[in-house]
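**Q** In the numbering used here, the protein residues as written are 55 to 310.
Right, I'll just put the structure down here and ask away after.
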Amino acid sequence: MAAIARRTETIRKVDFLAGPGNAFVAEGKRQLFGEVGIDLFAGPTEILIVADETADPFTVATDLLSQAEHGPDSPAVLITTSERVGRAAIDIINQLLPNLSTRELAGTSWDRFGEAILVDSLDEAWRLADEYASEHVQIFTKRPREALEKMTAYGALFLGEKTCVSYGDKVIGTNHVLPTKKAARYTGGLWVGKYLRTVTYQEVTSSTASGELGRLCGRAARAEQFEGHARSGDLRAQKYLGDKYDWIASSDQANL
55 MAAIARRTET
65 IRKVDFLAGP
75 GNAFVAEGKR
85 QLFGEVGIDL
95 FAGPTEILIV
105 ADETADPFTV
115 ATDLLSQAEH
125 GPDSPAVLIT
135 TSERVGRAAI
145 DIINQLLPNL
155 STRELAGTSW
165 DRFGEAILVD
175 SLDEAWRLAD
185 EYASEHVQIF
195 TKRPREALEK
205 MTAYGALFLG
215 EKTCVSYGDK
225 VIGTNHVLPT
235 KKAARYTGGL
245 WVGKYLRTVT
255 YQEVTSSTAS
265 GELGRLCGRA
275 ARAEQFEGHA
285 RSGDLRAQKY
295 LGDKYDWIAS
305 SDQANL
């Protein structure tokens with residue numbers, strides 16, 4: 055990352071770093087941000103599942119572990135309206151972990167960051183899920199598409215039992231460079247706009263308009279005690295509208 059951000063004898067310098075990675079990639083982006091642009095500063099992988107009484111606890115447990123194995127600090131959260139589903143999912147996770155080849159990572163993550171939260175209603179579940187603003191949110195409810203109307207803060211939604219985060223990770227084709235650590239409350243994932251720059255230009259073509267703008271600029275700038283800014287406006291107000299300013303009159307360099 056340092057090589058492409060700063061150039062070497064054989065590698066050209068880039069202006070923008072984008073893409074997923076581990077903790078070392080995230081730290082590299084953090085250190086290089088400012089010298090180059092970055093897509094986002096991503097933390098550990100996150101999964102949150104919203105489930106009602108129709109959810110299959112075995113599927114819930116399997117999918118929670120699918121993301122917990124990313125690392126020892128990957129949150130896996132279940133929000134459910136069904137105590138039966140919640141308790142069963144926890145029991146199944148404990149049964150599945152010993153036979154999972156990545157049990158050391160997934161088990162550590164589940165022990166440290168795993169949660170199962172019982173709520174009274176789906177409305178409460180949607181509200182709480184938005185507070186978490188998780189990177190990946192799976193919906194195991196009778197009407198999964200309701201989440202599209204009820205939720206606003208998430209990296210990506212996975213609707214229904216037929217869809218899972220692992221599909222997003224490996225095969226389904228949607229962007230998977232997504233915000234973590236509640237960043238979904240203010241930004242989305244990587245998209246083509248991240249590679250574009252918005253630039254502007256200004257040109258005042260009317261002398262009268264420039265003079266009138268100069269008057270406004272002078273007043274606004276002096277209200278903020280920016281005298282130098284104000285004088286740029288004064289100069290044009292005098293040049294184009296005939297206004298008079300002492301600071302210009304006292305200068306033998308002004309040619310107005």
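Where a beta carbon is used, it is the ideal one built from N, C-alpha and C, also for glycine.
Note that the coordinates shown come from a computational prediction; the quantities given were computed from them, not determined experimentally.
Which parts of the segment 66 to 113 are runs of the alpha helix (DSSP H), unbroken and 4 residues or longer, counting only runs that do not cross its ends?
**A** 77 to 86
**Q** Go through the segment 165 to 245 residue by residue and report every complete run of the beta strand (DSSP E) that reaches 3 residues or more, in order.
**A** 168 to 172, 190 to 194 and 210 to 213
**Q** Ends of the beta strand (DSSP E) at Leu267?
**A** As a first step, residue 267 must be located in the sequence shown, where it is residue number 213. Note, Leu267: premise wrong, no beta strand (DSSP E); alpha helix (DSSP H) at Ser261 to Ala277.
**Q** Can you give the Cα-Cα distance for Thr254 and Lys196, rounded to whole angstroms?
**A** Position 200 of the sequence shown holds residue 254. Position 142 of the sequence shown holds residue 196. Whole-angstrom Cα-Cα distance: 49 Å.
**Q** For Glu158 and Thr241, what's the separation of their Cα atoms in angstroms?
**A** Residue 158 sits at position 104 when you count from the first residue of the sequence shown. Residue 241 sits at position 187 when you count from the first residue of the sequence shown. Using only the alpha carbons, I get a separation of about 32 Å.
**Q** Compare the beta carbon distance of Thr99 and Gly73 with 8 Å and say whether it is the shorter of the two.
**A** Along the sequence shown, read from residue 1 onward, the residue named residue 99 stands at position 45. Along the sequence shown, read from residue 1 onward, the residue named residue 73 stands at position 19. No; because the gap between Cβ atoms is not below 8 Å, this pair is not in contact.
**Q** Would you call Ala115 buried or exposed, if buried means 16 or more other Cβ atoms sit within 10 Å of its Cβ?
**A** Walking along the sequence shown from the start, residue 115 turns up at place 61. The C-beta of Ala115 has 16 or more other C-beta atoms within 10 Å across all chains shown, which makes the residue buried.
**Q** State the Cα-Cα distance for the pair Val104 and Ala183, rounded to the nearest angstrom.
**A** For this step, residue 104 is matched to residue 50 along the sequence shown. For this step, residue 183 is matched to residue 129 along the sequence shown. The straight-line gap from Cα to Cα measures roughly 8 Å.
**Q** What residue from Val131, Glu107 and Asn76 has the CA that sits closest to Ile101's CA?
**A** Locating residue 101 in the sequence shown gives position 47, counting from the first residue. The candidate whose alpha carbon is nearest that of Ile101 is Val131.
**Q** Output the distance between the C-alpha atoms of Arg290 and Thr252, rounded to the nearest integer angstrom.
**A** Here residue 290 refers to the residue found at position 236 when the sequence shown is read from its first residue. Here residue 252 refers to the residue found at position 198 when the sequence shown is read from its first residue. Distance between the alpha carbons of Arg290 and Thr252: 29 Å.
**Q** Per the contact definition of three or more C-beta pairs closer than 8 Å, is the segment 286 to 306 in contact with the segment 268 to 278?
**A** yes
**Q** Under the three-state reduction of DSSP, which class applies to Leu250: helix, strand or coil?
**A** Start at 1 with the first residue of the sequence shown, and residue 250 comes out as number 196. The answer is coil: DSSP assigns Leu250 none of H, G, I, E or B.
**Q** Determine the closest residue to Gly287 out of Ile133, Ala277 and Ser264, with distance taken between C-alpha atoms.
**A** Taking the first residue of the sequence shown as 1, we reach residue 287 at position 233. Out of Ile133, Ala277 and Ser264, Ser264 has the C-alpha closest to the C-alpha of Gly287.
**Q** For Val131, list the residues DSSP reports as bridge partners.
**A** Walking along the sequence shown from the start, residue 131 turns up at place 77. Its beta-bridge partners are Leu102 and Glu169.
**Q** Measure the alpha-carbon distance for Thr135 versus Ser128 and round it to whole angstroms.
**A** Taking the first residue of the sequence shown as position 1, residue 135 is located at position 81. Taking the first residue of the sequence shown as position 1, residue 128 is located at position 74. Taking the straight line joining both Cα atoms gives about 23 Å.
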